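J.:
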Amino acid sequence: MAARRPYKTHRQQHLGDFLDVLQAQGWLVWERATEDSPTVFLIREIGSPPRQYRTWDAETVAQRVADREGILWLPVPYPGGLDQYKETMAQIAVLASRKQSTSAPGT
Numbered sequence: 081m082a083a084r085r086p087y088k089t090h091r092q093q094h095l096g097d098f099l100d101v102l103q104a105q106g107w108l109v110w111e112r113a114t115e116d117s118p119t120v121f122l123i124r125e126i127g128s129p130p131r132q133y134r135t136w137d138a139e140t141v142a143q144r145v146a147d148r149e150g151i152l153w154l155p156v157p158y159p160g161g162l163d164q165y166k167e168t169m170a171q172i173a174v175l176a177s178r179k180q181s182t183s184a185p186g187t
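My numbering puts the first residue of the sequence shown at 81, with every later residue one more than the last.
1. Alpha carbons only, please: which of G150, V109 and D163 is nearest the one belonging to A138?
2. Looking at the strands, I want to know which residues DSSP matches up with I172.
3. Helix, strand or coil, according to DSSP, for W153 in the structure here?
4. Quick one: Cα of R124 to Cα of T182, how far?
5. So, is A173 buried or exposed, given that buried needs 16 or more other C-beta atoms within 10 angstroms?
6. So, R91 versus G160, is the Cβ gap smaller than 8 Å?
7. Looking only at its chain, what residues have a beta carbon closer than 8 Å to the beta carbon of L152, apart from the 5 residues adjacent to it on each side?
8. Please report how far the alpha carbon of L102 lies from the alpha carbon of P155, in whole angstroms.
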């Protein structure tokens, strides 16, 4: 597989990394619709034809699959810079910690 060109924002990188996770699990197949546009994603959910999505809509697809499969994931809000990425990762860590503490035996 050829290396992808760099993403323009942390938001897009976060989404692309998560789409890779979902693809590795066999829940969808994806690629950038064009190499010169990191904001257009070509996603095919299993049993459906491929569709092009802009970042916002691709995040909605990723969130729907995450919710369906019980995976904790949040999109990085616009504009998707490093600060928003760090805040999102901190929120995911807090939610994961809460989920772990509520699922621990005896709680």
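Even for Gly, the Cβ is constructed at its ideal location relative to N, Cα and C.
Given the structure is predicted, the values throughout are model-derived calculations rather than measurements.
T.: Looking at the coordinates:
1. If you compare the alpha carbons of G150, V109 and D163 with that of A138, the shortest gap goes to V109.
2. Answer by DSSP bridge pairing: none, since I172 is not bridged.
3. Note: W153 maps to coil in three-state DSSP.
4. Cα to Cα, R124 sits roughly 34 Å from T182.
5. Residue burial annotation: A173 is exposed, with fewer than 16 other C-beta atoms found within 10 angstroms of its C-beta.
6. Yes, the pair counts as a contact, with Cβ atoms nearer than the cut-off.
7. Counting only Cβ-Cβ distances below 8 Å, and skipping sequence neighbours, we find A146, I172, L175, A176 and K179.
8. Distance between L102 and P155, taken at the CA atoms: about 14 Å.
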